[in-house]
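Position 234 (the sequence shown) corresponds to 234 in full-length UniProt numbering; numbering is contiguous. Yeah, the Cβ is synthetic: ideal placement off N, Cα and C, and Gly gets one too. Step one of this worksheet: look at the structure below.
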Amino acid sequence: MNEIVNSSSNNEIESSSSISGSNEATVVSNTIITSVEQSENDVLLALEKKKKELMLAFLEENNSQTIVIQEKATTTEFENNDNSSTTIITETDTMIIDNSNNNLLETNETITMIHLKPNFDNMKAIIKSSNDDNNNQSGKDNFLKGIKFSPDGTCILSCSEDNYLKLFELPSQEYIEQQQQTNEIIDIKPILNIKEYNTIYDYCWYPNMNSMYQETCCFLSSSSGVPMHLYDAFTGVLRGSYIPFKDVDDIETAYSVQFNQTGTKIYSGFKKSIKIFDINRPGNDYDVISTYKKKKRKLKGNYNDEYNDLELAGIVSCISFDKACNTGLFAAATYNGNLGLFDEKSNQLVDLIPFPKSMNNNSNVVTGITQIMFSPLNGNYVFASYRKSNVIVGWDIRNTVAEQVYQFHRSLDTHQRMTFDIDPYSGRYLTTGSQDGDLHIYDLFEPEESKQLVQTTRLQNSSVNGTSFHPFLPLLATSFGERSFNIKDDECDHTNNNSIEQQQDRNRPNKLLEVFKFEIK
Numbered sequence: 001m002n003e004i005v006n007s008s009s010n011n012e013i014e015s016s017s018s019i020s021g022s023n024e025a026t027v028v029s030n031t032i033i034t035s036v037e038q039s040e041n042d043v044l045l046a047l048e049k050k051k052k053e054l055m056l057a058f059l060e061e062n063n064s065q066t067i068v069i070q071e072k073a074t075t076t077e078f079e080n081n082d083n084s085s086t087t088i089i090t091e092t093d094t095m096i097i098d099n100s101n102n103n104l105l106e107t108n109e110t111i112t113m114i115h116l117k118p119n120f121d122n123m124k125a126i127i128k129s130s131n132d133d134n135n136n137q138s139g140k141d142n143f144l145k146g147i148k149f150s151p152d153g154t155c156i157l158s159c160s161e162d163n164y165l166k167l168f169e170l171p172s173q174e175y176i177e178q179q180q181q182t183n184e185i186i187d188i189k190p191i192l193n194i195k196e197y198n199t200i201y202d203y204c205w206y207p208n209m210n211s212m213y214q215e216t217c218c219f220l221s222s223s224s225g226v227p228m229h230l231y232d233a234f235t236g237v238l239r240g241s242y243i244p245f246k247d248v249d250d251i252e253t254a255y256s257v258q259f260n261q262t263g264t265k266i267y268s269g270f271k272k273s274i275k276i277f278d279i280n281r282p283g284n285d286y287d288v289i290s291t292y293k294k295k296k297r298k299l300k301g302n303y304n305d306e307y308n309d310l311e312l313a314g315i316v317s318c319i320s321f322d323k324a325c326n327t328g329l330f331a332a333a334t335y336n337g338n339l340g341l342f343d344e345k346s347n348q349l350v351d352l353i354p355f356p357k358s359m360n361n362n363s364n365v366v367t368g369i370t371q372i373m374f375s376p377l378n379g380n381y382v383f384a385s386y387r388k389s390n391v392i393v394g395w396d397i398r399n400t401v402a403e404q405v406y407q408f409h410r411s412l413d414t415h416q417r418m419t420f421d422i423d424p425y426s427g428r429y430l431t432t433g434s435q436d437g438d439l440h441i442y443d444l445f446e447p448e449e450s451k452q453l454v455q456t457t458r459l460q461n462s463s464v465n466g467t468s469f470h471p472f473l474p475l476l477a478t479s480f481g482e483r484s485f486n487i488k489d490d491e492c493d494h495t496n497n498n499s500i501e502q503q504q505d506r507n508r509p510n511k512l513l514e515v516f517k518f519e520i521k
């Protein structure tokens, strides 16, 4: 394992290999996004070929005939430091793969629904990452905090309790099939370990990431008391820092970060504000959206003064964009339990989502929101999860006033951030973990609440704190772990203390993550 030290950030980086698709990793230093030498057609063909090969392998194994992926053909231009421009294909044409004759067909017709139905009955673990207690950078209480597949599906990004960003690379399809013949689960290790000195609050992938082009392979992180960092996913080298200021010389902590859908802007959440950075301009140049406004005293007789009294009080804990690009909105939520919708063009707060019905009485206090997500295929619904709450709530935002239409249950009575995900193939199934070690799968298309729970599977004795679907393959990644405290009573004897430690060892996960394969019908 090679160790690289970045002098500009003093972050410790450990690298064991590079991402698939490149034999040599180089450092991008002059620009954040550099030029792509291949033509647009070459990029499209490469993307189509890569997805085709991976998807056909799964189709053959599942005896499926056709699979449809809904995507749009768009390009994005980036301005380089030398005033030249770069065009990168952000999304490809709608693709139909016909497994019966092994052909890739293209169509310009709009597909409103992807007719795929995931089947989780025979879900099987194929990949894991063992929790090595003897690792010099992790102790017994080390665990992953959430998990995110890369946009091209080649890697998994996570962060750990010991303030490391961890990047895992999926094995090749041929190797996975070879190991499945012997029913062995592949044990993978991080190919990158990037040390942040303080608590990592949030991290996200560059939305147009494609491992065939290193310039697009990067991810963003935010941690306490330091600037936001953009890292190269091949080398772990720092590409740029985005510095928010609270006062003249006081760096403000970003509690949440997210790219817009085109990948040109970085949205970061703070107390009473959202700051917007240009990805190609690292530094302290940013725009500010004020989410909390001081009450203004209106002068007598001044009836023409328009005043928007909508506000989003509290620390902005999470930000989400409509992946379907149908609404032109993005959502932001706070640790005060407030959830608002913003117009992306004007950056104005246009609507506040009502509190969940289960929290509108005195016996239930509204807690902080830890994750929000638009429905992936149409953007008509917004889902939110709360800390120290047993529910995930969904609203229909197509009407003037958002209407709560979903409420899914899971066990969570702590402040731990527990993430959920919605499958990108049909937009039908929502998966979430629980602090009891269960994985819950809910059907969003089922109108009766009593029938919405499709499956519950016990995965661990400890918390399942994160789930993430592969962007186009039938794979589901999960992460495990929670903080455990060895509280000893002074009056307890040595035997009782040993029994406490043994009980905690049984509850401690033996895996950091696990990837499951399911079927698509």
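Would you mind reading off the limits of the beta strand (DSSP E) that contains residue i?
| i | result |
| --- | --- |
| Q407 | 403-409 |
| I369 | 369-374 |
| E169 | 164-169 |
| V515 | 511-520 |
| R458 | 453-458 |
| A313 | Element bounds for A313: n/a, residue is neither H nor E. |
| F259 | 256-259 |
| L230 | 228-232 |
| H440 | 438-443 |
| V464 | 464-469 |
| T432 | 429-433 |
| P118 | 118-130 |
| Y203 | 200-205 |
| F480 | 475-480 |
Considering only the beta carbon of each residue, do residue i and residue j sit closer than 9 Å?
| i | j | result |
| --- | --- | --- |
| K128 | L513 | yes |
| H440 | H415 | no |
| S320 | L377 | no |
| T154 | S211 | yes |
| T264 | I279 | yes |
| I392 | L430 | yes |
| E519 | P118 | yes |
| N131 | G433 | no |
| T253 | Y201 | yes |
| Y242 | I266 | yes |
| D421 | S468 | yes |
| N380 | T327 | yes |
| G314 | N338 | yes |
| T199 | N163 | yes |
Of the residues the options, which one's Cα is nearest the Cα of residue i?
| i | options | result |
| --- | --- | --- |
| S346 | I289, S450, Y175, C155 | I289 |
| H229 | Y206, P356, T370 | Y206 |
| N461 | V454, D438, S468, Q455 | D438 |
| A477 | N142, L157, P118, N131 | L157 |
| S375 | Y197, G394, F472 | G394 |
| P424 | F245, K323, L341 | K323 |
| Q404 | D413, S411, I422, A384 | A384 |
| N390 | T400, M418, V382 | M418 |
| I126 | E184, I194, N260, E252 | E184 |
| F342 | Y335, N336, T334, F330 | F330 |
| C204 | Q180, D187, Y286, Q261 | Q261 |
| C159 | V257, L170, I147 | I147 |
| R428 | L412, Y406, S411, D413 | Y406 |
Would residue i be called buried (16 or more neighbouring beta carbons within 10 Å of its own) or exposed?
| i | result |
| --- | --- |
| R458 | exposed |
| K517 | buried |
| Q214 | buried |
| D152 | buried |
| E196 | buried |
| Y231 | buried |
| R297 | Confidence is the limiting factor: at R297 the pLDDT is only 48, short of 50, which leaves the residue's position unreliable and the question unanswerable from this model. |
| S268 | buried |
| D250 | exposed |
| Q181 | exposed |
| D82 | For D82, the predicted structure reports a pLDDT of 47, less than 50, and the residue's modelled location is therefore unreliable. A value from the coordinates is still provided. Flag for D82 reads exposed. |
| residue 601 | Any question about residue 601 goes unanswered here, given that the chain covers just 1 to 521. |
| V257 | buried |
| P447 | exposed |
| G225 | exposed |
| N465 | buried |
| L312 | buried |
| L238 | buried |
| E306 | Caution is warranted here: a pLDDT of 43 is assigned to E306, below 50, making its placement in the model unreliable, and no coordinate value can be reported. |
Could you check where the alpha helix (DSSP H) with residue i kicks off and where it finishes?
| i | result |
| --- | --- |
| E177 | 173-181 |
Under the assumption that residue i contacts residue j (Cβ atoms under 8 Å), give the Cβ distance between them as a whole number of angstroms.
| i | j | result |
| --- | --- | --- |
| S479 | L192 | That belief does not hold up - the Cβ atoms of S479 and L192 are roughly 16 Å apart, past 8 Å. |
| Y286 | P244 | 7 Å |
| L473 | V515 | About 10 Å; that fails the 8 Å criterion. |
| I194 | L170 | Wrong, their Cβ atoms sit about 19 Å apart, outside the cutoff. |
| Y386 | T367 | 5 Å |
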